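Peer 1: Residue numbers (our numbering), protein chains in the order written: chain Y, 974 to 1080; chain V, 808 to 926. For every residue, glycine included, the Cβ atom is placed at its ideal position computed from N, Cα and C. Computed from a predicted structure; not experimentally measured. This structure is in structure tokens; I'll ask about it shortly.
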């Protein structure tokens, strides 16, 4: 199984800050990576797929990059509504696996 | 638009089974796979498996092999996830999630069904 390791597990930043979350796969996954946002008490929501493609309707302040085993999710200017836990998920092969999550809070 | 409506919360005793439903609307049901993902209290997301509504074929995560069964009813655009031999560690929110055009990531999620296993 491919293991997905996210870091940090939590972060605190100010409104307007740039935020970066990393996700490392235990083997190369050829950009087969999605990012989800989960707000408290809600279901996850797809933000990006294929490592860098923005899902329709997602604000452009969200972006993704990476290749091979290392990927990042960036929020260019943190907004109060971005408070959530973010998960990466590979879809290179089954079983699909998720990272452990990164909880983003406002400082 | 796409909607996934899940069945209500369940409370089960250890050793029992639970069957959760997920009714889809707003798209061609047979054309997109459906995933099941669970989340234990305060924990992360765990993929359980996937079903192809068109033919009913399934792929399950090894962890759940032998205990999980995913089925579908094309006449009502509903998928089902049954988990047997429940134990306390199965207490979680269970989500159905529509597979994307690429199948293996999830572009629309249901609101989740809370399953509590307690004696």
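What three-state label does DSSP hand residue 808/V in the structure shown?
Peer 2: Looking at residue 808/V - three-state DSSP - the assignment turns out to be coil, as it is neither helix nor strand.
Peer 1: Nearest by alpha-carbon distance to residue 1018/Y: which of 921/V, 916/V and 920/V is it?
Peer 2: Answer by Cα proximity: 916/V.
Peer 1: Hey, does residue 873/V have any beta-carbon neighbour from chain Y nearer than 8 Å?
Peer 2: Residue 873/V does not count as touching chain Y.
Peer 1: Determine whether the beta carbon atoms of residue 905/V and residue 831/V lie at a separation below 8 Å.
Peer 2: Their beta carbons are under 8 Å apart, which means residue 905/V touches residue 831/V by this criterion.
Peer 1: Identify which residue in 1012/Y, 996/Y, 1020/Y and 983/Y has its Cα closest to the Cα of residue 1057/Y.
Peer 2: If we check each option's Cα against that of residue 1057/Y, 1012/Y comes out closest.
Peer 1: On a CA-only basis, which of 867/V, 901/V and 854/V is nearest residue 977/Y? Give me that one, please.
Peer 2: It is 854/V.
Peer 1: Please confirm if residue 1007/Y has its CB atom under 8 Å from at least one CB of chain V.
Peer 2: It does: the Cβ of residue 1007/Y has a partner Cβ on chain V nearer than 8 Å.
Peer 1: So which of 921/V, 923/V, 926/V and 914/V has the shortest CA-CA distance to residue 839/V?
Peer 2: That would be 914/V, whose Cα lies nearest to the Cα of residue 839/V.
Peer 1: With a threshold of 16 other CB atoms inside 10 Å of the CB of residue 992/Y, please say whether the residue is buried or exposed.
Peer 2: It counts as buried.
Peer 1: To the nearest whole angstrom, what separates the beta carbons of residue 920/V and residue 809/V, a pair I think is in contact under 8 Å?
Peer 2: So it is not a contact: roughly 18 Å between Cβ atoms.
Peer 1: When the cut-off is 8 Å and only beta carbons count, does residue 1032/Y lie next to chain V?
Peer 2: Not closer than 8 Å to any Cβ of chain V, the Cβ of residue 1032/Y fails to qualify, so no.
Peer 1: Are residue 844/V and residue 893/V close, meaning C-beta to C-beta below 8 Å?
Peer 2: No. Outside cutoff.
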